[in-house]
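Note that the sequence shown ends on residue 267 in this note's numbering; no numbers are left out.
Cβ coordinates follow ideal geometry from the N, Cα and C atoms, glycine included.
All values reported here derive from a predicted model rather than from experimental measurement.
Below is one structure, written out as structure tokens, with a few remarks after it.
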Amino acid sequence: MDEFKIPKSHPRYHSLLIREKLVEGFKKGMVVPEGLIAHGRGEAFDYLLGEKTHEFAIASIKATIASLLLAKSPIISVNGNLAALAGEQIVELSNLLEVPIEVNLFYRTEERIRVIERYLKDLGARNVLGSDCKKTFIPGLESSRGIVCLNGIYSADFVLLGIEDGDRTEALRRMGKKVAAIDLNPFSRTAQMANITIIDEATRALSKAIEVAKEFKKLERDELENIVKNYDNRRVLSEAFKTILQRLEDAKRRGLLISFSTHSITK
Ligand code: PTJ
Numbered sequence: 001m002d003e004f005k006i007p008k009s010h011p012r013y014h015s016l017l018i019r020e021k022l023v024e025g026f027k028k029g030m031v032v033p034e035g036l037i038a039h040g041r042g043e044a045f046d047y048l049l050g051e052k053t054h055e056f057a058i059a060s061i062k063a064t065i066a067s068l069l070l071a072k073s074p075i076i077s078v079n080g081n082l083a084a085l086a087g088e089q090i091v092e093l094s095n096l097l098e099v100p101i102e103v104n105l106f107y108r109t110e111e112r113i114r115v116i117e118r119y120l121k122d123l124g125a126r127n128v129l130g131s132d133c134k135k136t137f138i139p140g141l142e143s144s145r146g147i148v149c150l151n152g153i154y155s156a157d158f159v160l161l162g163i164e165d166g167d168r169t170e171a172l173r174r175m176g177k178k179v180a181a182i183d184l185n186p187f188s189r190t191a192q193m194a195n196i197t198i199i200d201e202a203t204r205a206l207s208k209a210i211e212v213a214k215e216f217k218k219l220e221r222d223e224l225e226n227i228v229k230n231y232d233n234r235r236v237l238s239e240a241f242k243t244i245l246q247r248l249e250d251a252k253r254r255g256l257l258i259s260f261s262t263h264s265i266t267k
């Protein structure tokens with residue numbers, strides 16, 4: 001049978017292409033079945049937010065890149081979904097800023113750690129931790145996401161992570177680390193616990209992050225410090241919620257929502 005190809009004219013071409021990347025990652029043993037479900041939740045929030053990189057996400061991306069450049073030992077934490085969807089962008093960002101990557105999984109198996117590590121190295125990653133390191137634990141975290149490399153996430157002062165929910169961001173913050181999280185869901189605990197929340201689709205956000213990184217590498221330390229100092233994560237979360245409310249207001253204006261008012265909240 002002929003292989004199915006998504007027609008370029010399809011109105012949801014890009015979204016379907018991203019799905020295909022995830023399914024490919026699943027077939028390669030990088031993504032767990034639960035990861036396919038997690039993607040659906042992300043898609044729903046992306047739809048609500050209008051499927052674009054908003055100004056509030058750009059502000060978060062800028063604060064993240066400035067922080068990665070300023071940190072003493074930053075790290076990019078990668079799980080199955082993030083590797084499958086944005087492996088190329090992660091590797092480019094890691095090499096560009098000389099920030100190591102650590103493979104860290106919720107549904108951890110040593111085999112999957114190795115598959116993801118190999119995938120990232122084949123894409124050109126120069127510094128990937130995961131299988132071959134001295135392991136230790138994030139205090140107070142019971143899931144196997146708490147197993148980390150002593151010379152990686154455990155000793156990092158700044159962690160960039162994405163597409164994960166639950167309690168790890170909170171545990172990392174308890175350890176005194178700064179966390180930037182890519183998460184389309186502004187309601188999630190990760191989104192609300194992170195120091196910097198990038199509310200955007202991971203492939204879009206990381207492509208933008210590469211552009212910003214190239215520009216910010218030329219900045220002086222005090223310019224980067226100012227970007228971090230002036231960043232306000234509460235405002236970013238608030239702008240994301242407002243965007244969702246405004247999109248509901250638009251639906252109402254178009255007669256799709258009857259007897260509903262968000263006026264008191266959005267004014
Ligand atoms: O590879 P593993 O074993 O570490 O497992 C990874 C998954 C994704 C299965 C695990 O971390 C998980 O179950 O995550 P959750 O609890 O579903 O949370 C994922 C969060 O990422 C949700 O808030 C989604 O809205 C969001 N999300 C999903 N896809 C994207 C996304 N955010 C940005 N870009 C996406 N493409």
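- In chain order, D165, G166, D167, T169, E170 place their CB closer than 8 Å to the CB of R189, counting only its own chain and leaving out the 5 sequence neighbours on each side.
- Contact between I76 and I90 holds, with the beta-carbon distance rounding to 6 Å and staying under 8 Å.
- With a cut-off of 7 Å, the C-beta of R174 is classified as distant from ligand 1, since no heavy atom of the ligand falls inside that distance.
- A209 is a Cβ neighbour of I61, given a cutoff of 8 Å.
- Take A38, set aside five residues on each side of it, and the residues of its chain with a beta-carbon closer than 8 Å to its own are N81, I163, D165, in chain order.
- Under DSSP, K178 takes part in a beta bridge, and its partners are F158.
- Secondary structure note for V32: it is in no alpha helix (DSSP H), with a DSSP letter that is neither H nor E.
- Three or more Cβ pairs drawn from the region 49-67 and the region 226-242 lie within less than 8 Å of each other, which places the two stretches in contact.
- In chain order, S77, A181 place their CB closer than 6 Å to the CB of L161, counting only its own chain and leaving out the 5 sequence neighbours on each side.
- The C-beta distance from A213 to L96 rounds to 5 Å, short enough to fall under 8 Å.
- Residue environment: P7 is assigned as exposed (fewer than 16 neighbouring CB atoms within 10 Å of its CB, all protein chains considered).
- Inter-residue distance for L123 and M30 is about 14 Å (C-alpha atoms, whole angstroms).
- If you check the C-beta of R114 against ligand 1, you find no heavy atom less than 7 Å away.
- I227 and S94 have their C-alpha atoms spaced approximately 21 Å apart.
- Excluding the 5 residues flanking it on each side, F158 has same chain C-beta neighbours closer than 6 Å at S67, A71, P74, K178, in chain order.
- Taken from the Cβ of V32, at least one heavy atom of ligand 1 lies inside 7 Å.
- Assignment of K135 by DSSP, reduced to helix, strand and coil, places it in the strand class.
- Going by DSSP, S9 is part of no alpha helix (DSSP H) at all; its letter is neither H nor E.
- Secondary structure at V23: helix, using DSSP grouped into helix, strand and coil.
- Residue state for L129 is assigned as strand, using DSSP reduced to three classes.
- Burial check for D132: the Cβ neighbour count within 10 Å stays below 16, so the residue is exposed.
- Residue burial annotation: E98 is exposed, with fewer than 16 other C-beta atoms found within 10 angstroms of its C-beta.
- Between the C-alpha atoms of R12 and R19 there is a straight-line separation of about 11 Å.
- Counting only runs of 4+ residues, the alpha helix (DSSP H) found wholly inside the region 34-82 occupies 55-70, in chain order.
- Secondary structure note for V103: its beta strand (DSSP E) is the uninterrupted segment 101-103.
- Around the beta carbon of L16, a 10 Å sphere encloses fewer than 16 other beta carbons of the protein chains shown; the residue is thus reported as exposed.
- With 16 or more other CB atoms across the displayed protein chains lying within 10 angstroms of its CB, T243 is buried.
- Under the three-state reduction of DSSP output, I147 falls in the strand class.
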